[in-house]
Every structure is written in C-alpha cells, then in structure tokens.
Amino acid sequence: MRIIGIDPGLRRTGWGVVDAVGSKITHVANGVCASGAGDLATRLLVLYRELTAVMIKFAPDTAAVENTFVNKDAAGTLKLGQARGICLLVPAMAGLDVAEYAPNAVKKVVVGVGHADKKQVEHMVRMQLPGVNIANADAADALAIALCHTHHARFAGRLEAAIAKASA
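Using my numbering, you'd call the opening residue of the sequence shown number 16 and step up by one each time.
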C-alpha cells in the first residue's frame, strides 16, 4: 500500500509518500508544494497544480491529511482551511480515500506523546525511516501523517480480520 501524508499550509504544504508492505515501511519521497506570493486564488491554484503533479508522479493508494487547528487569528485559520480544502480535494479527485488526523493524534502515534515538538517528530520520523533525506519540517510532518495512517490502517485490517474470524 502506498500512502501520501499531507501537511496543509497556504505558503508551504508538506507531502510525504511511504510504502507499507507487511510490517515494513519504506520511504518513497517527500517535499513541499510552495505557493509563493500573490493573491489567495493564485496561491490556491499553485497548490492545486503542484499537489496534483505529486499525486500523478507517485500514484498513492490512499491519503491522510492533518486536521486544521483553530488559533487566535481567525483570518489565518480561514485561509489555512482553504488550503486544507485543496489538500482534501486533490486526492479525492484521484479516487482515493482520505483520512484525517488531529496533530496530537499524529504525534501520539509517531512519537508516543501528543504534545511533542517538531524536532521530536522529525527525529522519530528519521528513526522509523532510516536514511531518509527530509526536505524540511513541513515534509517531516507530512511523513509523520503518512506513518500515522499506516499504523491506523494496519490496526483496522487486524481488527477486521479478527471480527471476520470471530463471526465464522
């Protein structure tokens, strides 16, 4: 199974792709879609185009996107929500199921603590994906989201198998 994790951002959206086969998880690629300067509509269009190119190039089987947290700046939160909409739309248009995870849930799965800082997240991503060259902190977060989804998908598969076995 190939998983893309997406860390939404209006200026920089991180993405990370991993393959999960059995219990083995391997790094495929990671990077950042940078929308640059310009008006909101233009930046959203750039994000859409860049993320679409990533989807075409790496052909993931499923996607996971980080939920937006609400902060003190309502206008900033709204703009981030619009970028997040693009991050949900692009994989959905490719026919993928899109899971959503809260930042604390991602940190809990990857680091073991829900309030870990960015350096701890990046360190644990490096531990789980030895030799990975991470583009930046946004890409590290996206890889963490992909890892989180991988672990959740494995658990769901084991749970479904156990239920099927118990029903037989």
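Every residue, glycine too, gets a C-beta built ideally from N, C-alpha and C.
Look at valine 43 here: in three-state DSSP terms it is strand.
Sixteen is the threshold: when 16 or more other Cβ atoms of the shown chains lie within 10 Å of the Cβ of glycine 24, as they do, the residue is buried. Taking the Cα positions, valine 136 is about 39 angstroms away from serine 182.
Per DSSP, the unbroken alpha helix (DSSP H) holding valine 121 starts and ends at 118–125. Annotated as proximal: isoleucine 21 and tryptophan 30, with beta-carbon spacing under 8 angstroms. Unbroken beta strand (DSSP E) stretches of 3 residues or longer found wholly inside the segment 77–106: 77–81, given in chain order.
For alanine 150 and glycine 46, the gap between their C-alpha atoms comes out near 5 angstroms. The Cβ atoms of alanine 159 and valine 125 lie closer than 8 angstroms to each other. In the DSSP assignment, isoleucine 19 falls within the unbroken beta strand (DSSP E) covering 17–22. Annotation for valine 61: the continuous alpha helix (DSSP H) segment containing it runs 55–73.
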